[in-house]
Amino acid sequence: SAVISQKPSRDICQRGTSLTIQCQVDSQVTMMFWYRQQPGQSLTLIATANQGSEATYESGFVIDKFPISRPNLTFSTLTVSNMSPEDSSIYLCSVDLLGLNYGYTFGSGTRLTVV
Amino acid sequence: TQLLEQSPQFLSIQEGENLTVYCNSSSVFSSLQWYRQEPGEGPVLLVTVVTGGEVKKLKRLTFQFGDARKDSSLHITAAQPGDTGLYLCAGSGDYKLSFGAGTTVTVRA
Chain A
1 SAVISQKPSR DICQRGTSLT IQCQVDSQVT MMFWYRQQPG QSLTLIATAN
51 QGSEATYESG FVIDKFPISR PNLTFSTLTV SNMSPEDSSI YLCSVDLLGL
101 NYGYTFGSGT RLTVV
Chain B
116 TQLLEQSPQF LSIQEGENLT VYCNSSSVFS SLQWYRQEPG EGPVLLVTVV
166 TGGEVKKLKR LTFQFGDARK DSSLHITAAQ PGDTGLYLCA GSGDYKLSFG
216 AGTTVTVRA
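Top line first, the protein sequences correspond to chains A and B. Going by our numbering, the residue at position 98 of the first sequence is 98; the numbering climbs one at a time, nothing skipped. Position in the second sequence (first residue = 1) + 115 = our numbering.
This is the structure:
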């Protein structure tokens, strides 16, 4: 199965600043997915990142707040911009190496605290 | 938006007891997946069920997909402390996964 390296694993940031999270996969994948998991809650899809095109954002998430890059088939970044304490969450990247209907592989997540 | 309801939200049992977690929806899914997440880690796929009525066994874990492909259950026999974690169900459809709210399982030694 794929290995996903996500970094940083955690960070504490000042409000108003931005943080870029990196996700590296050891295999080429068409789509990469970014999720947010707020404390004690489930996973919410932020956006789907396709190589060579703009990311597709879910309702409630916008590109200005969560810009995404996908420069090649093994790498993606998610930036959390102009952060506020409400952005404190775990951010996870994932890939569907097995196909949507068969299961995702997740990175270990980035635990972000905004103070 | 497809909504998956998971129950119970929390479950605390003694080692050796059995437990069942339920995942229900009014929507039909192409497949339903179960994940376990431990603190500081991402979710790890346990199983995928695709066919209505399907039953899969993974050692002490038994997964069932409802006949109408709208609901699923996870049953753990003789739970062990290593089974402790957050269990998430996820349904696939509309080119994306929708996750349930999760069940936090604690198995006391």
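Note that beta-carbon positions come from the ideal geometry of N, C-alpha and C, so glycine has one too.
For residue i and chain A, any beta-carbon pair shorter than 8 Å?
i                        : result
alanine 193 of chain B   : no
glutamine 179 of chain B : no
leucine 189 of chain B   : no
threonine 163 of chain B : yes
serine 146 of chain B    : yes
lysine 185 of chain B    : no
leucine 176 of chain B   : no
proline 123 of chain B   : no
leucine 160 of chain B   : yes
glycine 217 of chain B   : yes
glutamate 156 of chain B : yes
leucine 118 of chain B   : no
leucine 203 of chain B   : yes
lysine 171 of chain B    : no
Between the options, which has its C-alpha nearest residue i's C-alpha?
i                        : options                                : result
leucine 160 of chain B   : A:Ile63, A:Thr113, A:Ser108            : A:Ser108
isoleucine 68 of chain A : A:Ser59, A:Gly60, A:Ser81              : A:Ser81
glutamine 148 of chain B : B:Gln129, B:Tyr202, B:Ile128           : B:Tyr202
leucine 212 of chain B   : A:Val114, A:Cys93, A:Gln14, A:Gly103   : A:Gly103
asparagine 72 of chain A : A:Pro8, A:Lys7, A:Thr30                : A:Thr30
alanine 224 of chain B   : B:Pro196, B:Gly215, B:Gly200           : B:Pro196
alanine 216 of chain B   : A:Met32, A:Arg36, A:Gln14, A:Ile12     : A:Arg36
valine 162 of chain B    : B:Glu153, B:Ser122, B:Phe180           : B:Phe180
tyrosine 150 of chain B  : B:Leu173, B:Lys185, B:Ser142           : B:Leu173
glutamate 169 of chain B : B:Val220, B:Asp186, B:Pro154           : B:Asp186
serine 188 of chain B    : B:Ile128, B:Ser145, B:Cys138, B:Gln124 : B:Cys138
cysteine 13 of chain A   : A:Arg70, A:Thr105, A:Thr79             : A:Thr79
So residue i and residue j are in contact, right, with Cβ under 8 Å, and what is the actual spacing, rounded?
i                       : j                            : result
alanine 183 of chain B  : glycine 208 of chain B       : Rounded, the Cβ-Cβ distance is 14 Å, inconsistent with contact.
alanine 194 of chain B  : asparagine 133 of chain B    : 7 Å
threonine 77 of chain A : glutamine 28 of chain A      : 17 Å between Cβ atoms; not a contact.
serine 140 of chain B   : leucine 119 of chain B       : 5 Å
valine 222 of chain B   : glutamate 130 of chain B     : 6 Å
serine 84 of chain A    : valine 114 of chain A        : 6 Å
valine 164 of chain B   : phenylalanine 178 of chain B : 6 Å
threonine 48 of chain A : alanine 55 of chain A        : 6 Å
Looking at the C-beta of residue i, does it have a partner C-beta in chain B at a distance below 8 Å?
i                       : result
tyrosine 91 of chain A  : no
tyrosine 57 of chain A  : no
leucine 45 of chain A   : yes
glycine 52 of chain A   : no
threonine 76 of chain A : Note that residue 76 of chain A is serine in the sequence shown, not threonine. It does not; no Cβ of chain B falls within 8 Å.
serine 108 of chain A   : yes
glycine 60 of chain A   : no
glycine 103 of chain A  : yes
Considering only DSSP beta bridges, list what residue i is partnered with.
i                            : result
alanine 194 of chain B       : For alanine 194 of chain B, which the question treats as bridged, DSSP gives no partner whatsoever.
serine 76 of chain A         : A:Cys23
glycine 40 of chain A        : None, per the DSSP bridge assignment.
isoleucine 128 of chain B    : B:Val222
arginine 151 of chain B      : B:Val159, B:Tyr202
phenylalanine 178 of chain B : B:Lys171, B:Leu189
glutamine 6 of chain A       : A:Cys23
tyrosine 210 of chain B      : Partner(s): none; tyrosine 210 of chain B has no beta bridge.
leucine 134 of chain B       : B:Ile191
If the cut is a Cβ gap below 7 Å, which residues of chain C does residue i touch?
i                            : result
phenylalanine 214 of chain B : Checking the listed chains, one finds no chain C in this structure; the protein chains it contains are A and B.
For the region 87–114 of chain A, list the alpha helix (DSSP H) runs that are entirely contained and at least 4 residues long, ordered along the chain. none
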